[in-house]
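Numbering (our numbering), first residue to last: 4 to 241. Yeah, the Cβ is synthetic: ideal placement off N, Cα and C, and Gly gets one too. The structure appears below as structure tokens.
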Ligand code: PGA
């Protein structure tokens, strides 16, 4: 099981230092904010950047490039996260550019996809996911696909950072996981790994863990508390 903790824009330096000590040897892939990436990397943790620029190095104030991330020996990057798509209005074209930059720099990608509440209500979930997948997977080699893990995160299930949101039922998650895996197998002849994300927490992990078609979890809000994240991780190893 792959467990990824997405800290989003949280925690001060002091908080990160005590957080880091507790996380040691957990096997969790941690996504801290940019200023803390190196702190984790230097100590040998599996680290994932939360974002990269769609551009190569150059006059792009405030951006961080894929090659800069790679120069820290960071292994992973999140691309297409719903907060990037919806709060920062990243288009699929921008996301595709970021995927290219990440691949050029040999980063592993957690490619986040998911439908909004409105799309779900209009029964467009599979269509939306298919578009998000095909747009990226078209024209990739098997070697490049090998660098991608899908993070299925229904936008409506992602917490507001304070309160967990509603999560899909296990049956719904299973159906979507299988849909994603079969689509990529059928269209691109590749067996992809899929993580579920969206309000995963200590209260629902035992139930969500019962879904056998996913390969792990992408945990946002609940990962701010390192003790909770470690307990979630332990439950996924039982
Ligand atoms: P959440 O976030 O666990 O707080 O819902 C998941 C994510 O945004 O990756």
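The beta carbon of residue 231 sits closer than 6 Å to the beta carbons of 205 and 225 from its chain, once the five residues preceding and following it are set aside; these are given in chain order.
If you draw a straight line from the Cα of residue 99 to the Cα of residue 207, it comes to about 33 Å. Here residue 137 is exposed, its C-beta having fewer than 16 other C-beta atoms within 10 Å.
In this structure, residue 233 has its CB at a distance of at least 6 Å from all heavy atoms of the ligand PGA. Non-local C-beta neighbours of residue 164 in its own chain, meaning closer than 6 Å and more than five positions away in sequence, comprise 224, ordered along the chain. Per DSSP, reduced to three states, the secondary structure at residue 53 is coil, with no helix or strand assignment. Residue state for residue 110 is assigned as coil, using DSSP reduced to three classes.
Between the segment 93–108 and the segment 178–192 there are fewer than three inter-stretch CB-CB distances shorter than 8 Å, so the stretches are not counted as touching.
For the ligand PGA, a non-hydrogen atom lies closer than 6 Å to the CB of residue 202. The beta carbon of residue 101 is closer than 6 Å to those of 55, 57 and 82 in its chain, skipping five residues each way along the sequence.
About 13 Å separates the CB atoms of residue 27 and residue 42; that is not less than 8 Å, and the two are not in contact. Boundaries of the beta strand (DSSP E) harbouring residue 80: 79–82, taken from the DSSP string. With contacts defined as CB atoms closer than 7 Å, residue 237 and residue 5 fail to qualify as a contacting pair.
Distances taken from the Cβ of residue 162 to the heavy atoms of the ligand PGA include one shorter than 6 Å. Under DSSP, the beta-bridge partners assigned to residue 220 are 6 and 199. The Cβ neighbour count for residue 8, taken over all protein chains shown within 10 Å, is at least 16; the residue is labelled buried. Taking the Cβ atoms as the reference, residue 50 lies roughly 10 Å from residue 31, outside the contact range of under 8 Å. Rounded to whole angstroms, the gap between the alpha carbons of residue 36 and residue 16 is 10 Å.
In this structure, residue 239 sits near residue 212, with a CB-CB distance shorter than 7 Å. In this structure, residue 158 sits near residue 119, with a CB-CB distance shorter than 7 Å.
Between residue 188 and residue 129, the alpha-carbon positions lie close to 15 Å from each other. Distance from the CA atom of residue 123 to the CA atom of residue 160, rounded to whole angstroms, is 11 Å. Bridge partners of residue 182 according to DSSP: none are assigned. Rounded to the nearest whole angstrom, the C-alpha separation of residue 44 and residue 62 is 26 Å. Sequence-distant partners of residue 97 (beyond 5 residues in either direction) whose C-beta falls short of 6 Å from its own C-beta, in its chain, are 57. The bridge partners DSSP lists for residue 32 are 7 and 49.
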